[in-house]
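In what follows, a structure is listed as structure tokens, so that the remarks can point back to it.
Residue numbers (our numbering), protein chains in the order written: chain A, 942 to 1059; chain B, 365 to 796.
Structure (structure tokens):
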């Protein structure tokens, strides 16, 4: 590879870095204070009483089943992806049909509420 | 440097104002909102977006600490303005105080541009940058605070319960009201309601014409009805901001200021009404939520538009001689949800402005009572705070709703922080 081929990329990189540094420089010059303001949340003037790190249920069963179903779908899609460009439109339509059937399954699960709190 | 001064002037040409309304400060809040709208200065929703903190009204103790914390959350450059203090605009104790909103805010904006002043203020007020997480006691305490505890939720699972104060200083929130919610996810499980009292004399702004009439002064129906329309439009503007309709909120604010100035623009209100009733998005947001039926309202002692929004045609004005031929405004499909209440406000504002334009009677009380913008107004032994009754509805109405609906419900009930002031002076055995 010629070194000259890299010139536009290097130019772009240098310009980007300079622009970012310029923005930081303007901020440092104009800011009234160098020290940050603090990172407490806006609770309408109150101080936080507890940590808001929310725990939630992972719903392992639902997640596992969904994963299995769509993993089997991916198993079919991997070999398809390799030969699909050679076979052409027919392969596309066949995979489309397969995906449509699986999408109907997802819609059913959605309407049944299986995805709530998932 | 000339360049940095010019950049600063460009950046701070239209400072963002964060309004901190306090009970008793309605007049100054209205002045600030009007000024901000006329000059095109945006109103900030959170302290991080603000440049000027405009405190409207007098504060004491607890509210004072909240205000101080709010001020510390505003990034430099920052200017504090206290409105409602007698005298010309001047600097006192690090704040700009005065009565005239334009003078005070101009002085505050000038302080924003003073680079040396802002640097000194920032150095003086700087706090250590956050507290590091306490690595020793993992899982239980971080940054000195415990993690949220759990409690059973409505599905029977143990979920985190987070305490969220919808505090005194929140955008489009009634002044002086604090609702401390316990949230699981976004569902409200518990509510604790507190109302702050304003120290000293302020007097209810929205109820002023009726209170003056009860004291024996001569008040015209036109003035009272214009004030009523302005009160409804003010409440509507707050609800529209909560719902995300900033354009119509600004239009409602303009109509409110017009009504307060004395011009009765009933057609403008009618146009706003058509625009909002035709909005499908607003209908989807508000219809069917926050339903409070007539029984709950009457047992809480609620009167006024909140009661009429359930379909009950009870209005003292229909019994009064000062309102000949008055029909209480009751809309079809009024079911007592959020949508019925804001539609009731709009309909009553339009009706009030039409009455104000044509009436030349003097306001007379019915059995020593009036029907004010939020409910019955009376003094003496029959005194009963209409806003206190609305506040008592809040716990029942908010529990079980999600956070967005809860905010809309509070905005649709809109208890007035100033009203507590008046009743508390009469009934020393206080209640909120």
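A virtual CB, placed ideally from N, CA and C, is assigned to each residue, including glycine.
As the structure is a computational prediction, the values presented were derived from the model and not from experiment.
How would you list, in chain order, the residues of chain A whose beta-carbon sits under 7 Å from the beta-carbon of residue i?
{"i": "residue 423 of chain B", "result": "None at all; the shortest Cβ gap to chain A is about 11 Å."}
{"i": "residue 482 of chain B", "result": "973"}
{"i": "residue 440 of chain B", "result": "973 and 974"}
{"i": "residue 487 of chain B", "result": "974"}
Tell me which residues share the same chain as residue i and place their Cβ nearer than 7 Å to its Cβ, disregarding the 5 neighbours each side in the sequence.
{"i": "residue 1014 of chain A", "result": "1043"}
{"i": "residue 670 of chain B", "result": "661, 705, 754 and 777"}
{"i": "residue 617 of chain B", "result": "397, 401 and 601"}
{"i": "residue 761 of chain B", "result": "654, 656 and 773"}
{"i": "residue 684 of chain B", "result": "728 and 730"}
{"i": "residue 1055 of chain A", "result": "1003"}
{"i": "residue 709 of chain B", "result": "596, 599, 600 and 669"}
{"i": "residue 634 of chain B", "result": "714"}
{"i": "residue 582 of chain B", "result": "726"}
{"i": "residue 486 of chain B", "result": "440"}
Can you pull the chain B residues whose beta carbon is under 9 Å from the beta carbon of residue i, in chain order?
{"i": "residue 981 of chain A", "result": "433, 436, 437 and 494"}
For residue i, collect the residues of the same chain with a Cβ closer than 8 Å to its Cβ; drop the 5 residues on either side in sequence, then sort them by chain order.
{"i": "residue 789 of chain B", "result": "With a pLDDT of 49 at residue 789 of chain B, under the threshold of 50, the predicted position of this residue should be treated as unreliable, and no value is reported."}
{"i": "residue 741 of chain B", "result": "571, 574, 575, 578, 733, 734, 735 and 750"}
{"i": "residue 796 of chain B", "result": "In this predicted model, residue 796 of chain B has a pLDDT of only 41, less than 50, meaning its place in the structure is not dependable; the value taken from the coordinates is given anyway. Contacts found: 557, 558, 559, 752, 755 and 784."}
{"i": "residue 522 of chain B", "result": "514, 515 and 516"}
{"i": "residue 437 of chain B", "result": "411 and 412"}
{"i": "residue 651 of chain B", "result": "701, 702 and 703"}
{"i": "residue 491 of chain B", "result": "Only weak support exists for where residue 491 of chain B lies, its pLDDT of 47 falling under 50; the value from the coordinates is given anyway. 436."}
Which same chain residues end up closer than 6 Å to residue i when comparing Cβ atoms and leaving out the 5 residues on each side of it in sequence?
{"i": "residue 558 of chain B", "result": "542"}
{"i": "residue 791 of chain B", "result": "Low confidence applies here, because residue 791 of chain B scores a pLDDT of 44, under 50, leaving its location unreliable; read the following figure in that light. Cβ neighbours of residue 791 of chain B beyond the five flanking positions: none."}
{"i": "residue 494 of chain B", "result": "Only weak support is given to the placement of residue 494 of chain B: the predicted model assigns it a pLDDT of 38, under 50, and the value that follows is read from those uncertain coordinates. Once the five neighbours on either side are set aside, residue 494 of chain B has no close Cβ partner at all."}
{"i": "residue 499 of chain B", "result": "Caution applies to residue 499 of chain B, whose pLDDT of 37 falls short of 50 and renders its modelled position unreliable; the value that the coordinates give is listed next. Excluding sequence neighbours, residue 499 of chain B sits near nothing in its chain."}
{"i": "residue 632 of chain B", "result": "619"}
{"i": "residue 707 of chain B", "result": "695"}
Cα-Cα, which of the options is closest to residue i?
{"i": "residue 580 of chain B", "options": "B:405, B:732 and B:439", "result": "B:732"}
{"i": "residue 739 of chain B", "options": "B:611, B:512 and B:778", "result": "B:778"}
{"i": "residue 532 of chain B", "options": "B:383, B:700, B:741 and B:626", "result": "B:383"}
{"i": "residue 988 of chain A", "options": "B:480, B:528, B:408 and B:413", "result": "B:528"}
{"i": "residue 659 of chain B", "options": "B:708, B:721, B:571 and B:757", "result": "B:757"}
{"i": "residue 751 of chain B", "options": "B:722, B:476 and B:561", "result": "B:561"}
{"i": "residue 427 of chain B", "options": "A:1011, A:985, A:970 and A:1045", "result": "A:985"}
{"i": "residue 414 of chain B", "options": "B:587, B:597, B:375 and B:392", "result": "B:375"}
{"i": "residue 730 of chain B", "options": "B:633, B:574 and B:724", "result": "B:574"}
{"i": "residue 432 of chain B", "options": "B:447, B:464 and B:411", "result": "B:411"}
{"i": "residue 461 of chain B", "options": "B:416, B:552, B:478 and B:485", "result": "B:416"}
{"i": "residue 488 of chain B", "options": "A:951, A:992, A:977 and A:1025", "result": "A:977"}
{"i": "residue 409 of chain B", "options": "B:468, B:482, B:537 and B:554", "result": "B:537"}
{"i": "residue 781 of chain B", "options": "B:698, B:539 and B:369", "result": "B:539"}
{"i": "residue 367 of chain B", "options": "A:1016, A:970 and A:1023", "result": "A:970"}
{"i": "residue 380 of chain B", "options": "B:429, B:439, B:463 and B:370", "result": "B:439"}
{"i": "residue 700 of chain B", "options": "B:723, B:721 and B:667", "result": "B:667"}
{"i": "residue 465 of chain B", "options": "B:611, B:418, B:619 and B:548", "result": "B:418"}
{"i": "residue 404 of chain B", "options": "B:586, B:512, B:479 and B:614", "result": "B:614"}
{"i": "residue 909 of chain A", "options": "B:534, B:759, B:637 and B:524", "result": "Look at the range of chain A in this structure, 942 to 1059, and you will see that residue 909 of chain A is not part of it."}
{"i": "residue 306 of chain B", "options": "B:770, B:372, B:721 and B:551", "result": "Missing from the structure shown is residue 306 of chain B; chain B here goes from 365 to 796 and no further."}
{"i": "residue 737 of chain B", "options": "B:622, B:568, B:664 and B:765", "result": "B:568"}
{"i": "residue 553 of chain B", "options": "B:765, B:769 and B:775", "result": "B:765"}
Can you list the residues of chain A that residue i reaches, using a CB-CB cut of under 8 Å?
{"i": "residue 430 of chain B", "result": "985, 986 and 987"}
{"i": "residue 410 of chain B", "result": "983"}
Quick one: which chain B residues come within Cβ less than 8 Å of residue i?
{"i": "residue 990 of chain A", "result": "509 and 527"}
{"i": "residue 1007 of chain A", "result": "The premise fails here: residue 1007 of chain A is roughly 20 Å from chain B at the closest Cβ pair, so nothing lies under 8 Å."}
For residue i, which residues in chain B fall below 7 Å Cβ to Cβ?
{"i": "residue 969 of chain A", "result": "The contacting residues do not exist; residue 969 of chain A stays about 11 Å from chain B at best."}
{"i": "residue 993 of chain A", "result": "512 and 526"}
Mind listing the chain A neighbours of residue i? Cutoff is C-beta to C-beta under 9 Å, in chain order.
{"i": "residue 479 of chain B", "result": "971 and 973"}
For this session: Check distances from the C-beta atoms of the stretch 366 to 394 of chain B to those of chain A and list, in chain order, the residues that come in under 7 Å.
Result: 368, 371 and 372
Problem set entry | Stretch-stretch touch, CB-based, cutoff 8 Å, three pairs: the stretch 1034 to 1052 of chain A with the stretch 441 to 461 of chain B | no
Exercise. Residues in the stretch 511 to 533 of chain B with C-beta within 8 Å of chain A's C-beta atoms, listed in sequence order?
Worked result: 511, 512, 513, 514, 521, 523, 524, 526, 527, 528, 529, 530, 531, 532 and 533
Exercise. On the three-pair Cβ rule with 8 Å, is the stretch 422 to 436 of chain B touching the stretch 381 to 391 of chain B?
Worked result: yes
Exercise. Just checking, does the stretch 585 to 600 of chain B make contact with the stretch 707 to 726 of chain B on the three C-beta pairs under 8 Å criterion?
Worked result: yes
Exercise. Touch check for the stretch 612 to 628 of chain B and the stretch 672 to 683 of chain B: three-plus C-beta pairs under 8 Å?
Worked result: no
Problem set entry | Inter-stretch contact (C-beta, 8 Å, three-pair minimum) for the stretch 637 to 648 of chain B and the stretch 678 to 694 of chain B | no
For this session: With 7 Å as the C-beta to C-beta threshold (strictly closer), list the residues of the stretch 534 to 566 of chain B near chain A in chain order.
Result: 534
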